[in-house]
Amino acid sequence: MPIVNDLTIKIGGEAGQGVESSGAGFAKALARAGIWIYGLQDYMSRIRGGHNFYQIRASDQEVWTFRDAVHMLLPFTPEAVERHWREVVPGGAVLHDTSIKFDPAPLRERGLKLFGLPLLKIAEEQGGSRIMMNTAALGAVAGITEFDFAYIDDIITTNFKRKGGPIVEGNLKVARYAYDVAREQFAADYEWKLVARPGPQRMLLNGNQAIALGAIAAGCRFISGYPMTPATSILEYMNSKAHLFGIVCKQTEDEISGILTAIGAAHAGVRAMSATSGGGFSLWAEALGFAGMTETPLVLVDSQRGGPSTGLPTRTEQSDLAFVLHASHGEFPRIVLAPGTIEECFHAAARAFNLAEKYQTPVIIMQDLTQSNSIRSIDKDRLDFEAVRIDRGALLTGEELDRIEDYRRHLVTESGISPRAVPGHPNAVYVTTGDEHTEYGFITEESDERRAQMQKRMRKQELAVQDMRLPLRYGPEDADVTFVGWGSTYGALREAVDVLNLDGPRANLLQFTEIWPLDWEQVRAQLDAARSLWLVEQNYTGQLGNLLRAYTGKAMDKRILKYDGRPISADEIVASVRGEVREEVTVHA
Amino acid sequence: MLDVKLFNSPEKSTWCPGCGDFGILNAVKQALAMLEIYPHECIIVSGIGCGSKLPHYIRANGFNILHGRALPVAQGLKLANHDLNVIVTTGDGDGYGIGMGHLVHSMRRNLDIVHIVEDNQTYGLTKGQYSPTSDKGYITTTSPDGAIEQAVNPMTLAIAAGATFIARGFASEPKHLAKLIAEGIQHKGYALIDVLQPCVTYNKVNTNAWYKSHVYHLDEDPGYDPTNRFMAFERAHEWAEKIPVGVLYRDETRPTYEAQVPELAAGPLVKQPLDGHGPEVWEKIKQEFV
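Going down the list, the sequences are from chains B and G. According to numbering that gives the first Met the number 0, the first sequence is numbered sequentially starting from 0. According to numbering that gives the first Met the number 0, the second sequence is numbered sequentially starting from 0.
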């Protein structure tokens, strides 16, 4: 019996060989065929060479993460064979160009099928170019899995349209030839099949694109920043839509200028943001406090990568949480969101602008490399642009300003929120400063003024608790194991819960999608309800766990921690719960 | 001409009696009054230091930023609302020390802002350390044997970095300075106005008398052509014997940054609506991911 629409394909090779573009292209063909997709990208900090891979999981059910088991490996280099053949399940295949040299014995011993094809030769003879070898490889995968060629034809036509008719024709010829040869030679000997499920259109996108879309939907009209992996694609996507949506995008001379230019735009009354990774956030620290002190609404994204210092520039981690919660000297209100899915990235970004303007303070979205780059297919209506409401908080309108007398930018109010005027109205000429200030914004060092302003600012944080979302539960109410996680590990944890609930122990998940400020009494009640708390984080010290301990007094029973820069998988989590040792993962009592 | 009193702030200054900042403050007020720019039509952006308290002492919109970081904020403000007259006031430590990176990029970027550097060759607010423009040999608590480094020359630097308006004024000549500031405001692009000013408390070398004996007026030299970059570069080196004040260089041919941003052609960003995109636009975006 064939196994339909339940497989993982892994493409491995050097940077510059088209690993990512091939993977993304094939994923799109599958998504268009109505198959659910999760695509994981792994790359090194270099332009050429090294070793990269792209892993596509295809399924008949919606998927939130990758799995460890690979069913088809496409190595573009001998290194890719060596690095990944052990991940291929017995009965799975290695589809390779016949020129790639490796020792087949251990692979055969494991029960792998070795499908060698002259892919380069096919590319040269049918298409006239060696570059088309990737097309040959993907045509062959489609042939072996008996996937409807019409979808391959469609994606080649879409992807190469810009390059002109002859390129499209060449690639189509190569794909078709490889498809036919591979299907003829190997399809009968391969169990896994891909079957189109025509239905409603789905989007295939990554977390950074979703954040950018959420920001656009929320009326963000300004982004300034300095390129830094893995946050850069937010700046790039906003640039690509600058003309359509009238967004001013400014690449600045450094991250310090990146955040401050956004602060300038925000002060002028435009919805503004900046995005960076941990190193850039370190440079932001002083300006972050300035935004808090001057009550400037600002949306910031920290797409985390392995730290400290330059760390692992192209690898993932969740190790900035403690830093972001405390970054900058002194005390001021801040809001920290931690979306864990594509949909949450979109909604968190849209929501961040409302929270920033309501509380007139910085809002930080915690992102990480895995979620920045991984693609997932979602139903189109999951991103509901028209449902995004723009709430500008206590921003004074022109009519309100016409009537105002004695304007005080930092007026002490019960809520702590002061009516905000954008500079430019004759009735609201004001100064403000990063120094402690009076209600009017003038520098002061007086004890009573200081206390009044400090309390006013911090009241906003107390008030913001009412808007913050408590952790979500996934899985049954009653469970032996309750995972505690935040951000991009959601997919792996969700799948681990599903796997464990098939044959035990019973598991559920408490997922923190928003982290600061929270109603700690309620969080404590949620933690109290759990039988055994298992913290899962991608860092060394268990930063969320430490935060929960500090604010709720609850300690985690177990901590599953991973800090090698690779995303944690559902399989690793399940194995850890079941007591199997995985060297990539640390399990503490 | 507006009444200068319109710009009077209720705040009392913390500057020392005789400080050059008073002359600079008066010149800024004069320039705004001369150009009939109302307090709500401009914003004064400053850094940290004695001179950077200036926005508190003038009735106008003001934004008093971190040390060294006034320029990026000023540029964000200008990009978001190019109807505002954006005037930056920083000290020499702010502009030529900690904020040097932003300075050079602001010059080549050429947004329409005026940058007044209150240059007293001293860190005053921290009580008298040497600054980037302190002369070699200048003795302070952090340079007890005399400053070893060569001083920053903001004039040659600005020419090299591509500033389109470069001038130098003298705090003790507020009328002349007001005229320079007004010219800087009217100039379309980044305008640097380096202002020589005494620090009466800490700088006992570059005193008011010292400056007075050194400055001469460029506009009194009929042979001087401020549009000639090479001539400007030569004069920009003058310091030890005599110091030129006035407009050193101007280039009216380079467009401003903001004039080249298509998104700003429809008017200031802050005046454009945030929403109003119909479902067909969102559907088009979604189709890019299908």
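Virtual Cβ for every residue (Gly too), placed ideally from N, Cα, C. The structure displayed is predicted, hence computed values, not measured ones.
(message) Judging by CA-CA distance, which residue of B/P312, B/A286, B/R581, B/V580 is the nearest neighbour of B/T231?
(response) Counting from one through the first sequence, the residue named residue 231 of chain B turns up at place 232. Checked all of B/P312, B/A286, B/R581, B/V580; the closest Cα to B/T231 is B/P312.
(message) In the DSSP output, what is B/W515 paired with across the bridge?
(response) Residue 515 of chain B sits at position 516 when you count from the first residue of the first sequence. Partner(s): B/V335.
(request) Measuring only between beta-carbons, confirm whether B/H424 sits less than 8 Å from chain G. (result) The residue you call residue 424 of chain B lines up with position 425 of the first sequence. Yes, its Cβ sits closer than 8 Å to a Cβ of chain G.
(message) Going by C-alpha to C-alpha distance, which of B/G278, B/A349, B/G268, B/E444 sits closest to B/Q359?
(response) As a working mapping, residue 359 of chain B is identified with position 360 in the first sequence. Checking every option, the nearest Cα to that of B/Q359 belongs to B/G268.
(message) G/I184 and G/V113 - do their beta-carbons sit closer together than 8 Å?
(response) Position 114 of the second sequence, counted from the start, is the residue given in the question as residue 113 of chain G. Position 185 of the second sequence, counted from the start, is the residue given in the question as residue 184 of chain G. Cβ distance < 8 Å, so G/V113 and G/I184 count as in contact.
(request) Check distances from the C-beta atoms of the segment 256-274 of chain B to those of chain G and list, in chain order, the residues that come in under 9 Å. (result) S256, G257, I258, L259, T260, A261, I262, G263, A264, A265, H266, A267, G268, V269, R270, A271
(request) Compare the beta carbon distance of B/A177 and B/I121 with 8 Å and say whether it is the shorter of the two. (result) Working through the first sequence from its first residue, we reach residue 177 of chain B at position 178. Working through the first sequence from its first residue, we reach residue 121 of chain B at position 122. It is a contact, given that the beta carbons lie within the stated cut-off.
(request) Measure the beta-carbon distance from G/T89 to G/S45 and round it to whole angstroms, keeping in mind my assumption that it falls under 8 Å. (result) Counting from one through the second sequence, the residue named residue 89 of chain G turns up at place 90. Counting from one through the second sequence, the residue named residue 45 of chain G turns up at place 46. Yes, G/T89 and G/S45 are in contact; Cβ-Cβ is about 6 Å, under 8 Å.
(message) Less than 8 Å between the C-beta atoms of G/L78 and G/L268, yes or no?
(response) Residue numbering aside, residue 78 of chain G sits at position 79 when the second sequence is read from its first letter. Residue numbering aside, residue 268 of chain G sits at position 269 when the second sequence is read from its first letter. For G/L78 and G/L268, yes; Cβs fall inside 8 Å.
(message) Using a Cβ-Cβ cutoff of 8 Å, what residues of the segment 225-245 of chain B are near chain G? List them in chain order.
(response) K240, A241, H242, L243, F244, G245
(message) Going by DSSP, what residue range makes up the alpha helix (DSSP H) through B/H50?
(response) By one-based count along the first sequence, residue 50 of chain B stands at place 51. Not the alpha helix (DSSP H): B/H50 falls in the beta strand (DSSP E), residues 48-58.
(message) Please report the distance separating the alpha-carbon of B/G277 from that of B/S373.
(response) In the first sequence, residue 277 of chain B corresponds to position 278, counting from 1. In the first sequence, residue 373 of chain B corresponds to position 374, counting from 1. Approximately 19 Å between the Cα atoms of the pair.
(request) Anything in chain B within Cβ reach of G/H104, meaning under 8 Å, just list it in chain order. (result) The residue you call residue 104 of chain G lines up with position 105 of the second sequence. Those within 8 Å of G/H104 in chain B are T251, E252, S256.
(request) Could you spell out the range, first to last residue, of the beta strand (DSSP E) harbouring G/E117? (result) Position 118 of the second sequence, counted from the start, is the residue given in the question as residue 117 of chain G. First-last of the beta strand (DSSP E) with G/E117: 112-118.
(request) Counting only the same chain and skipping the five closest in sequence on each side, list residues whose C-beta sits under 8 Å from that of G/S142. (result) Taking the first residue of the second sequence as position 1, residue 142 of chain G is located at position 143. Around G/S142: Q128, Y129, S133.
(request) Measure the C-alpha to C-alpha separation of G/D250 and G/S105 and round it to an integer number of angstroms. (result) By 1-based counting over the second sequence, the position of residue 250 of chain G is 251. By 1-based counting over the second sequence, the position of residue 105 of chain G is 106. Cα to Cα, the separation comes out at about 15 Å.
(request) Pair every Cβ in the segment 341-360 of chain B with every Cβ in the segment 204-214 of chain B, then say whether three or more of these pairs are closer than 8 Å. (result) yes
(request) Could you have a look at B/R590 and say whether DSSP puts it in helix, strand or coil? (result) Here chain B comprises residues numbered 0 to 588, so residue 590 of chain B is not present and cannot be evaluated.
(request) List the residues that DSSP assigns as beta-bridge partners of B/D378. (result) Position 379 of the first sequence, counted from the first residue, corresponds to residue 378 of chain B. Beta-bridge pairing links B/D378 to B/R201.
(request) Name, please, each residue of chain G whose Cβ falls closer than 9 Å to the Cβ of B/I155. (result) In the first sequence, the residue the question calls residue 155 of chain B occupies position 156. None at all; the shortest Cβ gap to chain G is about 16 Å.
(message) Mapping the DSSP letters down to three states, classify B/F75 as helix, strand or coil.
(response) Taking the first sequence and counting its residues from 1, the one referred to as residue 75 of chain B is at position 76. Three-state DSSP puts B/F75 in coil, outside helix and strand.
(message) Can you pull the chain G neighbours of B/V421, defined as C-beta to C-beta under 7 Å?
(response) Residue mapping note: residue 421 of chain B aligns to position 422 of the first sequence, counting from 1. Those within 7 Å of B/V421 in chain G are V269.
(request) May I ask you to list, following chain order, the residues of the segment 61-75 of chain G that have a beta carbon less than 7 Å from some beta carbon of chain B? (result) G61, F62, N63, I64, L65, R68, P71, V72, A73, Q74, G75
(request) Could you tell me which of G/H55, G/K241, G/S51 sits nearest to G/L70, measuring between CA atoms? (result) For the purposes of this step, residue 70 of chain G is identified with residue 71 of the second sequence, where counting begins at 1. Closest by alpha carbon: G/S51.
(message) Measuring only the C-alpha atoms, how far is G/M99 from G/D193?
(response) Looking up residue 99 of chain G in the second sequence gives position 100. Looking up residue 193 of chain G in the second sequence gives position 194. Taking the straight line from one Cα to the other gives about 14 Å.
(request) State the DSSP-derived secondary structure class of G/A32, mapped to helix, strand or coil. (result) Within the second sequence, the letter at position 33 stands for residue 32 of chain G. Helix, per DSSP.
(request) Could you round the C-beta distance between B/P516 and B/Q460 to whole angstroms and report it? I think they count as a contact, below 8 Å. (result) Stepping through the first sequence from its first residue, residue 516 of chain B is reached at position 517. Stepping through the first sequence from its first residue, residue 460 of chain B is reached at position 461. That pair is a contact at about 5 Å.
(message) Less than 8 Å between CB atoms is the rule here; does B/S318 satisfy it with respect to chain G?
(response) One-based indexing of the first sequence puts residue 318 of chain B at position 319. False, the Cβ-Cβ gap to chain G never drops below 8 Å.
(request) Alpha carbon to alpha carbon, how far is B/G138 from B/R31? Give it in angstroms, no decimals. (result) In the first sequence, residue 31 of chain B corresponds to position 32, counting from 1. In the first sequence, residue 138 of chain B corresponds to position 139, counting from 1. Cα to Cα, B/R31 sits roughly 16 Å from B/G138.
(message) Please classify B/R333 as buried or exposed, where buried requires at least 16 other C-beta atoms within 10 Å of its C-beta.
(response) Working through the first sequence from its first residue, we reach residue 333 of chain B at position 334. By the neighbour-count rule (16 or more Cβ atoms within 10 Å), B/R333 is buried.
(request) Return the chain-ordered list of same chain residues with a C-beta closer than 6 Å to the C-beta of G/L83, the five sequence neighbours on each side being excluded. (result) For this step, residue 83 of chain G is matched to residue 84 along the second sequence. The answer, listed in chain order, is I42.
(message) With a threshold of 8 Å between beta carbons, is B/Q200 in contact with chain A?
(response) The structure shown contains no chain A; its protein chains are B and G.
(message) Our contact map puts G/L1 next to G/A32 with C-beta atoms below 8 Å; I'd like the distance itself, whole angstroms only.
(response) On the second sequence, position 2 is the one that residue 1 of chain G refers to. On the second sequence, position 33 is the one that residue 32 of chain G refers to. Yes, G/L1 and G/A32 are in contact; Cβ-Cβ is about 4 Å, under 8 Å.
(request) Identify each residue in the segment 106-130 of chain G for which the Cβ-Cβ distance to at least one residue of chain B is less than 7 Å, and report them in chain order. (result) none
(request) Could you list which residues in chain B have their beta carbon closer than 8 Å to that of G/D274, in chain order? (result) Numbered from its first residue, the second sequence carries residue 274 of chain G at position 275. Result: G218, I389.
(message) Any C-beta of chain B within less than 8 Å: which residues of the segment 26-41 of chain G qualify?
(response) Y37, P38, H39, E40
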